[in-house]
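Participant:
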Amino acid sequence: MAKRPSHIPLNNILVHLFLIIMCLLIIFPVIYTLMTSFKNEIDVLTAPPTFFPPKWVLSGYAQVFRSDMVHVYLVNTILNSVIASVIAIPLASLAGYGFSRYKFRGSMLLQTAILAVWMIPHLTNLLPLYKLSSQLHLLQTRIPLVLVYVSYGLPISIWIIKSFIDAIPEELEDATHLDGCTPLQSLWYVITPLAAPGLFSAFLMIFVDSWNEFLSAVVLITNNELKTATVGLYDFQSAFETSYHTLAAACIVIAIPVLLTFILGRKFFFQAMLEGALKG
29 MAKRPSHIPL NNILVHLFLI IMCLLIIFPV IYTLMTSFKN EIDVLTAPPT
79 FFPPKWVLSG YAQVFRSDMV HVYLVNTILN SVIASVIAIP LASLAGYGFS
129 RYKFRGSMLL QTAILAVWMI PHLTNLLPLY KLSSQLHLLQ TRIPLVLVYV
179 SYGLPISIWI IKSFIDAIPE ELEDATHLDG CTPLQSLWYV ITPLAAPGLF
229 SAFLMIFVDS WNEFLSAVVL ITNNELKTAT VGLYDFQSAF ETSYHTLAAA
279 CIVIAIPVLL TFILGRKFFF QAMLEGALKG
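My numbering applies: residue 29 is where the sequence shown begins, and numbers increase by one.
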């Protein structure tokens, strides 16, 4: 039996040290924002700045909950993100199933073109999208924004779901066809349960991207009652001063729903990532 090494290799120590430093650098802005949200307005502006609040207060959160952030903007953000995800996943499932099970001339070229569309910067599409929405008189509704979120999420979702369907043996579907199932019934009763981790990963990706999106929301929504949370952050700024502790509190409040969603679904997400790595 081979003996285990009595010491940890230097390379492993350096790799772990590097990863720890990178994690600290990434999480530092979040922790500092959290600490700022518990300060009062005077402590935020002190020089030199302090990391921990000299006095822990909730005045920033009180202003956030008195504003429209929670009751209007967060509700709009949840609705937009959920609706876009619910619409995009069935469409991506049908497209992914078609690309996986039906081979036709130009299939790979079409898949590459779909992914290339996803790589186009969103900023280049905003002007024609705004003009089209204006001509259709949709700027006072959430329809343009939801459709934009669906179109942004579809390409990568198709690729994610297709990779999971590729790993599912076709013999399972053949057995259901012998029992009289149609391809759509096979997709619903066989493919969808087995590809559930991939579907959830795509759902989570669209949900988070829609939640954090700003440019399309600020251009395509002209009705204040339909503003999203990222756009609503401007309510805590003025031409002369910015309430930084309230702004920090609003950022934390906006981040909590996404964080909770990821925590509750982390099992399926990591399962999907692991299976995707093994299939690759």
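Even for Gly, the Cβ is constructed at its ideal location relative to N, Cα and C.
Predicted model only: the values in this text are computed from it and were never measured.
Let's test the definition: count the other Cβ atoms within 10 Å of the Cβ of residue 234 and tell me whether it reaches 16, buried, or not, exposed.
Facilitator: Under this definition residue 234 is a buried residue.
Participant: I'd like to know if residue 73 contacts chain D, where contact means its C-beta is closer than 8 Å to some C-beta of that chain.
Facilitator: Here chain D cannot be found, since the structure has a single protein chain.
Participant: Which runs of the beta strand (DSSP E) spanning at least 3 residues fall entirely within the region 49–135, listed in chain order?
Facilitator: List check, beta strand (DSSP E) in window: nothing returned.
Participant: Using only CA atoms, which one of 256, 231 and 215 lies nearest to residue 122?
Facilitator: Taking only the C-alpha atoms, the option nearest residue 122 is 215.
Participant: What do you reckon, are the CB atoms on residue 61 and residue 71 nearer than 8 Å?
Facilitator: Result no, Cβ atoms of residue 61 and residue 71 do not sit closer than 8 Å.
Participant: Please list the terminal residues of the continuous alpha helix (DSSP H) segment that includes residue 209.
Facilitator: Where residue 209 is concerned, there is no enclosing alpha helix (DSSP H), given that its DSSP letter is neither H nor E.
Participant: Between the C-alpha atoms of residue 41 and residue 177, what's the straight-line distance to the nearest angstrom?
Facilitator: Cα-Cα distance, rounded: 43 Å.
Participant: Helix, strand or coil: which one does DSSP assign to residue 274?
Facilitator: Reduced to three states, the DSSP call for residue 274 is helix.
Participant: Evaluate contact between the region 268–287 and the region 143–158, counting only Cβ atoms and requiring at least three cross-stretch pairs below 8 Å.
Facilitator: Touching, no.
Participant: Residue 151 by DSSP, collapsed to three states: which one?
Facilitator: Note: residue 151 maps to helix in three-state DSSP.
Participant: Output yes or no for whether 8 Å exceeds the beta carbon distance between residue 288 and residue 117.
Facilitator: The answer is no: Cβ separation not under 8 Å.
Participant: Leaving aside the five residues before and after residue 268 along the sequence, list all residues of the same chain whose C-beta is less than 6 Å from its C-beta, in chain order.
Facilitator: Because the pLDDT at residue 268 is just 47, under 50, the model does not fix this residue reliably, and the point stays unresolved.
Participant: Return yes when the Cβ of residue 236 is within less than 8 Å of the Cβ of residue 245, no when it is not.
Facilitator: Taking 8 Å as the Cβ cut-off, residue 245 and residue 236 do not qualify as a contacting pair.
Participant: Pull up the distance between the alpha-carbon of residue 188 and that of residue 134, whole angstroms please.
Facilitator: Roughly 20 Å between the two C-alpha positions.
Participant: In this structure, does DSSP put residue 168 in helix, strand or coil?
Facilitator: Residue state, collapsed to three classes: coil.
Participant: Using the rule of at least 16 other Cβ atoms within 10 Å of the residue's Cβ for burial, across every protein chain shown, is residue 290 buried or exposed?
Facilitator: It counts as exposed.
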